[in-house]
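Chains as they are written, first to last, in my numbering: chain D, 4 to 338; chain Y, 4 to 338; chain B, 4 to 338; chain W, 4 to 338.
Even glycine gets a Cβ: it sits at the ideal position worked out from N, Cα and C.
There are 4 protein chains.
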Amino acid sequence: MIIICGNAGKTQIDKLTEKFQADGFRTHVSQGTETTIIGLIGDTSKIDVEDVEAIDIVEKVQRVSEPYKLVNRKFHEEDTIIDVNGVKIGGGHFAVMAGPCSIESEEQIVSCAKAVKAAGATFLRGGAFKPRTSPYAFRGLKAKGLELLLTAKKETGLPVVTELMSLEHLDLFNDVDVIQIGARNMQNFEMLAEIGKCKKPILLKRGLANTIEEWLMSAEYIMSGGNENVILCERGIRTFETATRNTFDVSAIPVLHHLTHLPVIADPSHAAGKSALIKPLAKSAAAAGADGLMIEVHPNPSQALCDGAQSLTPDAFSDVMADVKKICELENKIF
Amino acid sequence: MIIICGNAGKTQIDKLTEKFQADGFRTHVSQGTETTIIGLIGDTSKIDVEDVEAIDIVEKVQRVSEPYKLVNRKFHEEDTIIDVNGVKIGGGHFAVMAGPCSIESEEQIVSCAKAVKAAGATFLRGGAFKPRTSPYAFRGLKAKGLELLLTAKKETGLPVVTELMSLEHLDLFNDVDVIQIGARNMQNFEMLAEIGKCKKPILLKRGLANTIEEWLMSAEYIMSGGNENVILCERGIRTFETATRNTFDVSAIPVLHHLTHLPVIADPSHAAGKSALIKPLAKSAAAAGADGLMIEVHPNPSQALCDGAQSLTPDAFSDVMADVKKICELENKIF
Amino acid sequence: MIIICGNAGKTQIDKLTEKFQADGFRTHVSQGTETTIIGLIGDTSKIDVEDVEAIDIVEKVQRVSEPYKLVNRKFHEEDTIIDVNGVKIGGGHFAVMAGPCSIESEEQIVSCAKAVKAAGATFLRGGAFKPRTSPYAFRGLKAKGLELLLTAKKETGLPVVTELMSLEHLDLFNDVDVIQIGARNMQNFEMLAEIGKCKKPILLKRGLANTIEEWLMSAEYIMSGGNENVILCERGIRTFETATRNTFDVSAIPVLHHLTHLPVIADPSHAAGKSALIKPLAKSAAAAGADGLMIEVHPNPSQALCDGAQSLTPDAFSDVMADVKKICELENKIF
Amino acid sequence: MIIICGNAGKTQIDKLTEKFQADGFRTHVSQGTETTIIGLIGDTSKIDVEDVEAIDIVEKVQRVSEPYKLVNRKFHEEDTIIDVNGVKIGGGHFAVMAGPCSIESEEQIVSCAKAVKAAGATFLRGGAFKPRTSPYAFRGLKAKGLELLLTAKKETGLPVVTELMSLEHLDLFNDVDVIQIGARNMQNFEMLAEIGKCKKPILLKRGLANTIEEWLMSAEYIMSGGNENVILCERGIRTFETATRNTFDVSAIPVLHHLTHLPVIADPSHAAGKSALIKPLAKSAAAAGADGLMIEVHPNPSQALCDGAQSLTPDAFSDVMADVKKICELENKIF
């Protein structure tokens, strides 16, 4: 780590280097006319850049090595391939997680599961616990919803993905195949630390306004707990643009593939917020090298209780799948 | 709520209005040449605008009334004044919450408590559970930290404010006077719903990239649970600018005073990330009408274990207080 | 246009409606308990929403019809196809504009032109006037650079695209085939109005932080001047993310195809800022339906005087073209 | 400048250092296990960080010294005080620029000039050339407007400030006291270079989404042309928040005072977009140390042709001035 200090006296610089030495770092100081540069040698992953930048004599801090280790491709070159009951994600394996925003009834989730399976989905997604901006909005069928999701799993054999909103519900997730951590909980550090202790695959969505580095640090939380099965999911970030619900950061896909060995999928449904945009965004994600997609499908969108209308009908979904398959072929992805 | 639809057929419009009528709304349709406008009459607070905008034939949705009720000044004109063991916030009462980022030792927190009290602070703040981007960084003394905080409370009589990071810790907070919900948990809806059931004052920090409306909806979660003691705290938002840790949104203070009756305080320490900026930002917040401030003070900043150097020394803090007091006098604030 | 007013007296509402009537609009007022809604009928394209929202009694303003007419697909359903000396863009025709960031020498631009033509480029791009953040940086060969660009045009027959930075240079652009308006001049309204008077195709880049609507309004400036040959170019927007130079807004491509009949191309070089990202972004843009690409290619990137290293070598460029061609085939694009 | 390279071979590093040496820099290479750090010694102000970061083997670039020199406080410690016909700005002198968004008639501008002078304004502002998002909106009285502005100057003796939108209009600005460069032209580099050649004070507004460093580089353009009279004006930046027209970045004021010797004023009218917010924002700017304010005042806001309603009435303006004066007294500002 390189620390650039403004016009500071020798005593201040000494005080600072001694502090770092006391924390077990070696320091290398090069004194310029207006600036002093301190090189910090040691495990800087436990240092928060903002803490150091907050020091009055410090002007800028630049990391030399990334603050994450376990998720870092530099120390784990080959792609991580996550195997969920035989369904693989990453390393050339393309996965499609489809289903309704929220689980509403056995009929709805089972019919939807069959439809998305027929269209090529490899996972069933469905929300039992729903994060809602308004306390007055429908917040999901909760435990009952999980039961229905597992019924659909039995009926179709599709592994299931669903969101965990509180550690207090964790016991209910025993038969869930992939636990989703939503955008709003991406930096719920207590939750990340806790789910790091289980071995279940975790689908970690990107926070609304989190950098790729912060996202990787959240994945590091999970891996440092002992759980190596982390899937990253780009779902759009918050910007000044209002034409789309979020701005789909397609660049994050190749950037992540360079920085980490973990699989990266994309959720065009939440990024776009408009069903008409799902097809072009799904194709752009696949063309950018995504390892999979998460797409909302509802047997009867206009009657959906939540996010309904951004969902695709089963027919529209198979149409999207047909195009995505062609791009996966160009990409030599197994799908 | 006004819903603007593009060139859609009568059957589509009818299908949509019937759906809303089924949900208990009255609808008023005015048919134009290229657009149809649907007026929705009823309690639209449970409707998520994004869900409606996601409907394919819908082009734009515009709320006529705010989605929040209990926090809305329209239905509660006078300022809410929150009384914490006799210390008041809001409605002309200015509160100052000061103390270290994290609690490190009894000596540290007690001496700091005495120092900030002497300088004019009305609350003691200190972190026992610390949110950290890196799993390898110091995350606070946890339960032990709370004990030390309560010791400092006994020694000085200052009411204490500290952050809750997980509902599983709630039992430890019985003697805490004000529970802080951090920026990263502003949309941790399960937590908001749960703390809405207690009567303790809640300090709700603004999320890194949350709009003022989303922030008020999170306050509505707490109030709808039955807890009317909510204090809003502006701490800077995330933007493209990197010269400051966050961009301090000073406008949020007067905007909130117009929209809600709840007290609004500001946290210049986290907004700025540099101790040199705390004084001008604290003054600007007071001049914009803030009901209080939250400021990090550490007896020995350069030795702090976390955010240390963005903290003020007790002397620097009393210097800031002296200037803030003068502005509070101009504002006729009781401080 | 729908104007939502807060608790305002009848006289205030009357005063406001009279003002609009005086401006030639018809008004329709519906009075609610807490809010009054004013419907404005007439040509609202000349009204600036922000001006109306600034009115004290106004809470929100919602357009019913878009503020742009000539660029609006609603009034011009079929795609606009721009023909530049027989090379077409839009309506199924895919164009590739390639070349160096800046023109450095006859040898450089001519060899580069030949190389990109061989690899499949249909236009030669090259900067003679360069926008630079620093007054001390290289700002292009200016007039001399244009001469060299035209030499390369003669040698290869490729139509040329280059940026106009000041109206005072316009006379030098007579033999240039497509005039580029850079991101920083997207709202240089005097320039937009002036180039609207010529008939040359204009490549209008999106501003660093401009919305799609503002971008379309700038295109409307050009078209309202009489020039119908406008090509829109997405080049990334400014967000909080720093892993890429800009955030490539791939969604803008399908969104624009829905809103306007004008062709839309993408510039992955400036969006990414890293040559390694150009290939995946170029493919994602093509898969999202882009009508073309603008890519920086330099015979010897590491020696380039500007943006050099984000450029591709001719070999790397043909590699990208090979993949893009395959996607264009899936998209039934003529390329 | 410090350049951090990823795992690159010695030949690549040598090639890179040779390139920099050829450009006249001295290089200092320190080879680590996974990274190589290149220190660049020399005048790096002409280097664009993004160009270097674009180099494939480069991971990060960190400046040691700022890219700006003439505007840098490090090389010019004392505040610059700009004297406009005896009216001073900066170094303890507080200036207030007030007047209508656009000049509409002699009666309007003259009466407004008298009113703002009576209330304490030290400059008259008024728009003759107006930047408008829509080509169909009113764009100012242009040359005629400038005449009327100068009439008001004669009548009141107030120096005048007005916006230049194109170099072609420059000749008309001979009797204008301060030339305003609007937010949308902050990076119109040809314009900046040109006005750097005159000696007139320049009011440089911050771009909608420009960093403080980019803003200072634009000021450096003007100063490097020979014009030392630059005033910086914060007017709000573009963020995700829609409750205000822009997000007023009050922190920019103390940050700029630390980085540069140039005076810094604030424009709460454009930042807020709502007249009700002007007073609290004007006060917060003064409390943060601003050297002045720019405020829109209109004799009859509701009849204004542009931005009218965000303007204050003369009475509301004197009310704001009364409060601002009190804060200036606390700040020991001459006003």
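Where D86(B) is concerned, the enclosing beta strand (DSSP E) starts and stops at 85 to 87.
Interface flag for F243(B) against chain Y is set, since a Cβ pair is found closer than 7 Å. Taking C-beta separations shorter than 6 Å and ignoring five residues to either side along the sequence, the partners of K120(W) in its chain run T159, L161, following chain order. The distance from the Cβ of Q15(Y) to that of I60(Y) is about 5 Å, consistent with a contact at the 8 Å cut-off. The beta carbon of P271(W) is closer than 6 Å to those of I281, L284, A285 in its chain, skipping five residues each way along the sequence. Annotation: Q65(D) is outside any alpha helix (DSSP H); the continuous beta strand (DSSP E) that includes it extends over 61 to 65. The three-state secondary structure of I58(D), taken from DSSP, is coil. Identification of chain D residues near T250(B) by a Cβ-Cβ cut-off of 8 Å yields I240, T242, T250, D252, S254, ordered along the chain. Interface criterion not met: the Cβ of L315(D) is under 7 Å from no Cβ in chain B. Checking the DSSP bridge columns, you'll see V32(B) partnered with I41(B). Contact between the region 202 to 210 of chain B and the region 239 to 256 of chain Y is absent: fewer than 3 CB-CB pairs across the two stretches fall below 8 Å. A contact between stretches requires three or more CB pairs, one per stretch, nearer than 8 Å, and the region 288 to 300 of chain Y meets this requirement with the region 257 to 268 of chain Y. A155(D) places its beta carbon less than 7 Å from that of L127(D). Annotation for I256(Y): the continuous alpha helix (DSSP H) segment containing it runs 255 to 262. At a cut-off of 7 Å between beta carbons, L206(B) makes no contact with chain D. Looking only at G229(W), L144(W), F192(W), I7(W), the smallest Cα-Cα distance to S137(B) is reached by F192(W).
Less than 7 Å divides the Cβ of K145(Y) from the Cβ of F132(Y). The residue from S227(B), G93(B), D82(B), I330(B) with its alpha-carbon nearest to that of Y139(W) is S227(B).
For F126(Y), the pairing in a beta bridge is given by DSSP as M100(Y).
At a cut-off of 3 residues, the continuous stretches assigned as beta strand (DSSP E) that sit fully inside the region 223 to 305 of chain W are 233 to 237, 267 to 269, 295 to 299.
Separation of the CB atoms of S33(B) and I40(B) is rounded to 5 Å, and the pair is thereby assigned contact status at 8 Å. Residue environment: I5(D) is assigned as buried (16 or more neighbouring CB atoms within 10 Å of its CB, all protein chains considered). Looking at N75(B), F78(B), D51(B), the one whose alpha-carbon comes closest to that of Q65(B) is D51(B). Proximity of K328(B) to chain D, defined by a Cβ-Cβ separation below 7 Å, is not satisfied.
Straight-line spacing of the CA atoms in K13(D) and S105(Y) works out to 29 Å.
At least one C-beta of chain W is nearer than 7 Å to the C-beta of I215(Y). At least one CB of chain D lies nearer than 7 Å to the CB of Q65(W). P266(D) sits away from I7(D), with the two beta carbons spaced by 7 Å or more. In this structure, G123(Y) lies away from I112(Y), with their beta-carbon atoms at least 7 Å apart. Going by DSSP, Q183(Y) is part of no alpha helix (DSSP H) but of the beta strand (DSSP E) stretching over 181 to 184.
According to DSSP, C8(Y) shares a beta bridge with T39(Y), V61(Y). In this structure, the CA atom of I225(Y) is about 7 Å from the CA atom of I198(Y). With respect to the 7 Å criterion, E53(B) and R248(W) are classified as neighbours on the basis of their beta carbons.
A distance below 8 Å between beta-carbons, with the five flanking residues on each side excluded, links G185(B) to the following residues of its chain, in chain order: P134, E166, M168, K208.
In the three-state DSSP reduction, I16(Y) falls in the helix class (H, G or I).
The beta carbon of R187(B) sits closer than 8 Å to those of P134, G210, L211, all from its chain and outside the five residues before and after it, given in chain order.
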